[in-house]
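**Q** Position 51 of the sequence shown, counting from 1, maps to 106 under this note's numbering, and the rest follow consecutively.
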Amino acid sequence: EAELMAHAEKYYANILLPFSPLVQKLLAKVAEMGIEIDTIAPDHGLIWRKNVAGILASYDRWSRQETKDKAVIVYDTMWESTEKMAKAICRTLMQEGISVKMMNMHVDHRSDVATEILDAKAILLGSPTLNNGILPRMADIISYLKGLKPRGRVGAAFGSYGWSGEAVGILTKALEEMKVELVGEGVKIKNVPTHESLKACVELGELIAKAIKSQE
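1. Check the C-beta distance from residue 170 over to residue 106 and give it rounded, since I have them as a contact under 8 Å.
2. Return helix, strand or coil for residue 124, following the three-state DSSP convention.
3. Quick check on DSSP: helix, strand or coil for residue 96?
4. Express the C-alpha separation of residue 197 and residue 255 in angstroms, rounding to a whole number.
5. Of the residues 176, 210, 231, 192, which one's Cα is nearest the Cα of residue 133?
6. I'd like the span of the alpha helix (DSSP H) that includes residue 199, first residue to last.
7. Do you know offhand how far residue 190's Cα is from residue 112's?
8. Take residue 253 and list the residues in its own chain whose beta-carbon comes closer than 6 Å to its own, dropping the five residues that flank it on each side.
9. Can you find the residues in the same chain that come closer than 8 Å, C-beta to C-beta, to residue 100, ignoring five residues on each side of it along the sequence?
10. Note down the Cα distance separating residue 259 from residue 178, rounded to an integer number of angstroms.
11. Give me the Cα-Cα distance between residue 108 and residue 249, rounded to the nearest whole angstrom.
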C-alpha cells in the first residue's frame, strides 16, 4: 500500500497539481453531499476498493499544497563548482534541522523533482552560466515546473560562472514567474568556490532555513 500511495503522490504532483483549486471544489462537493464512498472507479487508473478515506485525505492535503520543513535543491553542474555550492547550502539547511533533497538534473528525472517539491516549503535552483544563459537541463525543469504551478513556496538561486554570470539572474526571474517568495538576492561565485566564497552559500542556507521556519 505504501508503494501504491507513492505512485499516487507522483501522479498528483506531475498531472493534477495545476488543477488543485478544482480538486478542492470537488472534494468540498463530495463532503456536502454526505455520501459514503466504498469504491472509486476512475475513467483510467486504479480502482480504489480499500483505504478510500486515505486517498481522499491525501488528495485534500496535496490540493491544499500543504508543505513541511523541507527544501529541494535543483541544480546542474559542469565542473562541480555549482555542485559544491549546492552541497554547502544543503549542509547548512540540515544543520538548521531542515529536511533536504538534492536533485542533480544530470541524473534525476523531472517527474521525480516535481514529486519532491510537492511537500517542500523551499525550492532552490542552481546552474553555472553557459553562453550567457543556464544549462539546458535547468531550462527544461524550469519550463516543466512553471506548468505545474506550485504555490506558497520560498526560494533562491545560486550558481558559478567564469565570465559574465547571468545564470543566477535568469534563475531568480524564473522563481519570480513561479510566484516563489524570494529569499535573499541569490549567490553567484566566480570560478571554483573556495572555503571563503562558500560562506555566502552558508548564509543563504541560513536565510532559507529561517524563511521555512517562519511559515510554521
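Ideal placement from N, C-alpha and C gives every residue a C-beta, glycine not left out.
Model, not experiment: these values are computed from the prediction.
**A** Based on what the coordinates show:
1. Residue 170 to residue 106, Cβ: 20 Å. No contact.
2. strand
3. coil
4. 24 Å
5. Closest in alpha carbon position to residue 133, among 176, 210, 231, 192, is 192.
6. 191 to 203
7. Distance between the alpha carbons of residue 190 and residue 112 is about 39 Å.
8. 143
9. 66
10. 12 Å
11. Each residue's Cα considered, the two are about 52 Å apart.
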